[in-house]
Amino acid sequence: MRDLSEQALSPVLVVVLNDPADLARAREQGWYRIPLDRAPRRIAAEYLAFYQTGAFPPGERWSVRWIASVRGYHIATRRELIPAEPDHPRADDRYYRVELGALEPLPHAIPSRWLRRITFIPTTLTRLLGAVEINDLWIKSTAQERLWAALKQADVEAERQYPLREDLPEYVADFALICRQGKVAVIVDDESREEDELREAPPPDYLLTAGDWIAMHVSCASLSADPGGWTARLIDLATALDGVLPVTGSPVR
Amino acid sequence: MRLGFVVKPLVRPELKSHDSRRWQNHPHLSVSLAYLRDVFAYLGEAQISMYRMSSDLAPYVTHPEMPEFHGQVAECAAELAEIGRQARQLGLRLSFHPAQHVVLNSPDDALAGKSAGDLNTLAALLDGMELGPEAVVVTHLGGVYGDREAALARFATNFEHLAEITQRRLALEHDDTRFGVADIMWVHARTGIRLVFDNLHHRLYNPGDRTPREALAACLATWPAGVWPKVHFSSPRTEWLVETAGADEAPQVRRTRWAYHADYVNPFEFIDFLRMAQGLRAFDIMLEVRAKDLALQQLREDLSRFAPDLAETLMG
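Residue numbers (the working numbering), protein chains in the order written: chain U, 1 to 253; chain C, 254 to 569.
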């Protein structure tokens with residue numbers, strides 16, 4: 001494997017593979033597709049990394065294992081990309097065909113501890129190569145990064161950017177604790193005033209209450225000033241809810 | 254009136270302006286256009302409707318020893334059309350301002366030819382995006398080379414030899430040491446090229462003693478009816494600059510040059526400038542300051558506070 005660390009700050013887009021055929025296509029034909037009309041805010045990167053979902057065999061699923069350099073983004077219809085399926089309902093839809101270099105294995109796989117679903121994650125090569133698990137990939141405000149570091153130091157198994165409801169992926173808890181007797185959602189209310197200026201709006205309260213979430217609202221300033229204190233509060237809350245659930249090996253829905 | 258900023262968004266530092274990889278890593282215009290797409294999404298959300306794109310969107314595209322990069326513009330016809338569609342949808346005014354190595358009036362035919370090639374490429378990118386006539390490539394006159402009149406004439410002659418699409422897209426800006434507003438007006442009279450006024454350059458180099466209002470009005474008048482002119486605005490950097498010396502030498506305070514751009518726009522200079530321009534033809538303003546979109550946001554707030562009547566004229 002080349003020395004990827006030379007391009008430490010290179011942007012990486014972690015994409016989701018729901019079908020082993022897509023990984024085979026990336027490896028053998030050198031491309032991956034992103035639909036134009038459903039593309040995330042950020043698509044441009046020097047590398048794509050591939051998150052393999054439950055559609056992959058045991059030992060490969062729920063993890064990032066491969067990376068490929070990006071050579072180009074070209075627009076094509078699905079019919080042009082996959083001529084064998086000319087009558088597909090989306091045959092006329094347009095896609096970015098992301099041209100790729102050779103797939104390279106990461107030095108170590110990056111698993112999702114909770115076997116969860118994710119969407120695209122923009123990150124950097126530094127983060128990718130240093131990540132122990134999926135939650136290490138997100139790059140958020142300084143305040144969130146401090147809390148994340150404090151939670152990890154305290155061995156609190158939190159999840160980041162956790163969807164509050166599967167059918168509304170744009171509404172996420174910045175941190176989630178899945179406990180035996182309940183679920184805690186940490187919402188950083190004024191996140192938009194820090195680096196991540198244009199984040200989606202915080203989730204509305206009805207989503208939190210309807211989903212039986214216990215909401216903990218916090219400001220960036222408060223988080224930055226006292227990440228250890230907030231970690232202690234979260235540990236207390238998790239303890240009151242009979243502790244964080246151990247990883248079961250079943251996908252989290 | 255629109256306010257724009259230059260190339261690299263600082264509010265969103267994770268957004269790149271173009272594919273800056275070296276040739277060994279296979280950079281490509283299509284990757285730059287994907288970065289641009291992400292930048293445009295930010296511009297739309299931040300309600301910024303004027304933006305100067307990186308002149309390095311198409312890496313190595315005119316490099317004489319790398320023919321494998323020469324076909325990028327043609328290879329990206331669909332992607333250029335799509336990014337242009339997004340720009341029009343957002344009401345974005347776009348431009349290029351190539352670096353100092355583009356010298357159309359060079360007496361060195363090879364350099365002048367290379368410069369023409371670079372300008373042709375940038376014009377082709379704007380045409381590929383199907384942008385209107387407000388989207389321009391702004392360049393400077395170039396060097397004096399010991400003979401001002403010959404240098405001016407050479408620019409005019411070389412302009413006439415440019416491709417039609419490049420002539421149509423090119424705009425000319427005066428500079429701070431060599432060629433003033435009178436010089437670019439001379440070129441305009443012979444070529445019809447549109448002129449871009451720069452407030453700081455005019456303060457620094459104004460041999461004809463034209464008032465800023467006279468010089469601005471003259472530049473604005475070179476733009477066709479129905480096409481909004483654009484001007485450049487910056488404040489001079491006033492901070493002292495310390496040069497770090499070797500381990501055994503004391504740091505030196507460098508003499509300032511007023512041509513250095515400040516981090517932010519001095520709002521009071523800006524307000525005075527707009528008041529001075531009242532009654533003239535309306536124009537857009539590209540902010541050439543180091544804090545880029547941070548400065549643009551700050552200026553909006555400053556105008557709302559110190560000159561709300563002028564703030565109301567801002568678009569986007």
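C-beta: ideal position from N, C-alpha, C; glycine also.
Q | Spatial distance of Leu310 (chain C) from Arg338 (chain C) (CA atoms) | A | 17 Å
Q: List the whole-angstrom C-beta distance separating Val434 (chain C) from His427 (chain C), where the pair is believed to meet the contact cut-off of C-beta under 8 Å.
A: 5 Å
**Q.** Check whether Val218 (chain U) and Val172 (chain U) have beta carbons under 8 Å apart
**A.** no
**Q.** chain U contact residues for Asp590 (chain C), given Cβ-Cβ distances below 8 Å
**A.** A question about residue 590 (chain C) goes unanswered here, because the residues of chain C that appear run from 254 up to 569.
Q) To which residues does DSSP link Thr475 (chain C) through a beta bridge? A) The partner list for Thr475 (chain C) (beta bridge, DSSP) is empty, contrary to what the question assumes.
Q. Would you call Pro262 (chain C) buried or exposed, if buried means 16 or more other Cβ atoms sit within 10 Å of its Cβ?
A. buried
Q. Is Ala331 (chain C) near the ligand ZN, with its Cβ less than 7 Å from a heavy atom?
A. As presented, the structure is devoid of all ligands, the ligand ZN included, so that no description of it is given.
Q. Ordered along the chain, which non-local residues of its own chain (more than five positions away) have a Cβ less than 6 Å from that of Thr231 (chain U)?
A. Ala150, Leu151, Ala154
Q. Buried or exposed: Tyr206 (chain U), going by 16 or more other Cβ atoms within 10 Å of its Cβ?
A. exposed
Q) Is any beta-carbon of chain U found at less than 8 Å from that of Leu286 (chain C)? A) yes
Q. Does the stretch 51 to 58 of chain U come within contact of the stretch 299 to 319 of chain C, defined as at least 3 CB pairs closer than 8 Å?
A. no
Q | Any C-beta of chain C under 8 Å from that of Tyr73 (chain U) | A | yes
Q: Report the three-state DSSP secondary structure of Lys483 (chain C) (helix, strand or coil).
A: strand
Q: Quick one: give me the first and last residue of the beta strand (DSSP E) that Ala149 (chain U) is part of.
A: No beta strand (DSSP E) holds Ala149 (chain U); the alpha helix (DSSP H) holding it covers 142 to 153.
Q: Starting from the beta carbon of Lys269 (chain C), find every residue of chain U whose beta carbon is closer than 8 Å, and list them in chain order.
A: Pro11, Ala44
Q.
Please tell me whether Pro122 (chain U) has its Cβ less than 8 Å away from any Cβ of chain C.
A. yes
Q | Under 9 Å by beta carbon: chain U residues contacting Glu335 (chain C) | A | Leu36, Ile75, Arg94
(Q) Beta-carbon within less than 7 Å of Asp196 (chain U)'s beta-carbon, same chain only, minus the 5 sequence neighbours each way: which residues are those? (A) Summary for Asp196 (chain U): the model assigns pLDDT 39, below 50, so the residue's position carries little reliability, and this model does not support an answer.
Q: Please name the residue in C:Phe349, C:Met254, C:Met319 whose C-alpha comes closest to that of Pro573 (chain C).
A: This structure gives no information on residue 573 (chain C), because the portion of chain C shown stretches from 254 to 569.
Q. Of all the CB atoms in chain U, is at least one closer than 8 Å to the CB of His316 (chain C)?
A. no
Q. Apart from the five residues just before and just after Val506 (chain C), which ones in its own chain have a Cβ nearer than 6 Å to its Cβ?
A. Trp493, Val495
Q: Check the Cβ of Arg274 (chain C) against every Cβ in chain U and list those closer than 7 Å, keeping chain order.
A: Glu46
Q) Around the Cβ of Arg346 (chain C), are there at least 16 other Cβ atoms within 10 angstroms (buried) or fewer (exposed)? A) buried
Q.
Between Phe526 (chain C) and chain U, is the shortest Cβ-Cβ distance under 8 Å, so that the two count as touching?
A. no
Q | Length of the line joining the Cα atoms of Met254 (chain C) and Leu282 (chain C) | A | 31 Å
Q: Please name the residues in the stretch 132 to 146 of chain U whose beta-carbon is closer than 8 Å to at least one beta-carbon of chain C, in chain order.
A: Ile139
Q | Gln325 (chain C), buried or exposed, once every other Cβ within 10 Å from all chains shown has been counted against 16 | A | buried
Q: Can you tell me which of C:Arg466, C:Tyr458, C:Phe412 puts its alpha carbon nearest to the alpha carbon of Arg572 (chain C)?
A: Nothing in the structure corresponds to residue 572 (chain C), since chain C is present only between 254 and 569.
Q: Tell me whether Thr264 (chain U) sits in a helix, a strand or coil according to DSSP, three-state version.
A: Here chain U covers residues 1 to 253 and nothing more, so residue 264 (chain U) does not appear.
Q. Going along the stretch 294 to 327 of chain C in order, which residues come within less than 8 Å of chain U, judged by CB to CB distance?
A. Ala294, Tyr295, Glu298, Ala299
Q.
According to DSSP, is Arg346 (chain C) part of a helix, a strand, or is it coil?
A. strand
Q: Measuring only between beta-carbons, confirm whether Glu541 (chain C) sits less than 8 Å from chain U.
A: no
Q: Give a yes or no on contact between the stretch 355 to 368 of chain C and the stretch 394 to 414 of chain C, applying the rule of three or more CB pairs nearer than 8 Å.
A: yes
Q: Residues of the stretch 398 to 428 of chain C with a CB closer than 8 Å to any CB of chain U: list them in chain order, please.
A: none
Q) Does the stretch 511 to 518 of chain C come close enough to the stretch 537 to 548 of chain C that 3 or more CB-CB pairs lie under 8 Å? A) yes
(Q) Please confirm whether Val16 (chain U) has its beta-carbon closer than 8 Å to some beta-carbon of chain C. (A) no
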